[in-house]
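Read through the structure below, which is laid out as structure tokens, and then see the notes.
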Amino acid sequence: MDFTQEKDLQNEIANNQSLQRDICGLLDMDFYQTRFHKETKFINGITADFTLFERDKIKALMECKGGAINVTDYVRGIGQIFQYEYFAEKGLSVRDYEFYPLCEFSSVYIFPDSVLRNNEFNIGLFKYPQTKKILEVNSHSLAVRLIDEGEFAKYAGGGGKIP
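1 is the number of the first residue of the sequence shown in UniProt numbering; add one for each residue after it.
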């Protein structure tokens, strides 16, 4: 699967229950109690690519990026997930949606594996919100993995690439 364009990754997530199940597993969410809602509008005209409702409350907001991005696009995505954390912290929603407490909420950044393979920027040397969950989708198998704090530390100390 080629996820060069963001919309291709969004469509795969929207239509692939197996992928949704894997995402829920990495976010400690009950797949059977979770709804993926595509393109939810929030304050200031900001649109989350996906809102994940668990038991009718927002447990995660997700920003998607396609594989054909540069450092500016990547940083814009970080800005989005910072805003998502702020929305959850302050309970900001244009539709009066209820959020989980911040300690249970996730600001999710998801992108295909080509983002890490094809770029020179070091994802370990950016600031992220405290609620961040960075997910990478394998473009061939559609396996999803969480880039955890240990891996971020390796990136930060390793000049951009993990040995």
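All C-beta atoms, glycine included, are put in the ideal place defined by N, C-alpha and C.
Assigned exposure category for residue i - 16 Cβ within 10 Å defines buried
i, result
"C24", "buried"
"Y84", "buried"
"S141", "exposed"
"E98", "exposed"
"T47", "exposed"
"E39", "exposed"
"S114", "buried"
"P101", "exposed"
"M29", "buried"
"T72", "exposed"
"Q33", "exposed"
"D2", "exposed"
"G150", "exposed"
"K132", "buried"
"V75", "exposed"
"A143", "exposed"
"D148", "exposed"
"G67", "buried"
"Q17", "exposed"
"Q80", "buried"
"E54", "buried"
"G45", "exposed"
"G77", "buried"
Interface flag, residue i vs chain D, CB-CB below 8 Å
i, result
"G157", "Within the model displayed, chain D is absent; a lone protein chain is all it includes."
Three-way DSSP call (helix, strand, coil) for residue i in this model
i, result
"F3", "coil"
"L61", "strand"
"E98", "coil"
"Y32", "helix"
"A143", "coil"
"P163", "Summary for P163: the model assigns pLDDT 43, below 50, so the residue's position carries little reliability, and this model does not support an answer."
"Y109", "strand"
"K54", "Here the sequence assigns Glu to residue 54, which means Lys is not the residue at that position. Of the three classes helix, strand and coil, the one that applies to E54 here is strand, per DSSP."
"L135", "strand"
"Q20", "helix"
Among the options, nearest to residue i - alpha-carbon criterion
i, options, result
"residue 174", "Y32, F152, L26", "There is simply no residue 174 to check, as the chain begins at 1 and stops at 163 in what is shown."
"D96", "E120, I58, Q17, G79", "I58"
"L92", "E54, I147, K132, K41", "K41"
"residue 187", "Q130, L52, D49", "There is no way to answer for residue 187, as the model of the chain reaches only from 1 to 163."
"F50", "F36, D56, I43", "F36"
"L27", "L146, Y155, D56", "L146"
> Does the region 49-65 touch the region 103-121, meaning 3 or more C-beta pairs lie closer than 8 Å?
Replying inline: Counting C-beta pairs closer than 8 Å gives three or more between the region 103-121 and the region 49-65, which meets the contact rule.
> At a cut of 8 Å, does the region 132-141 reach the region 16-32 through at least three beta carbon pairs?
Replying inline: Yes, they touch.
>> In chain order, what are the residue ranges of uninterrupted alpha helix (DSSP H) at least 4 long that sit wholly in the region 67-95?
In response: Within the region 67-95, the complete alpha helix (DSSP H) segments at least 4 residues long are 71-90, listed from N- to C-terminus.
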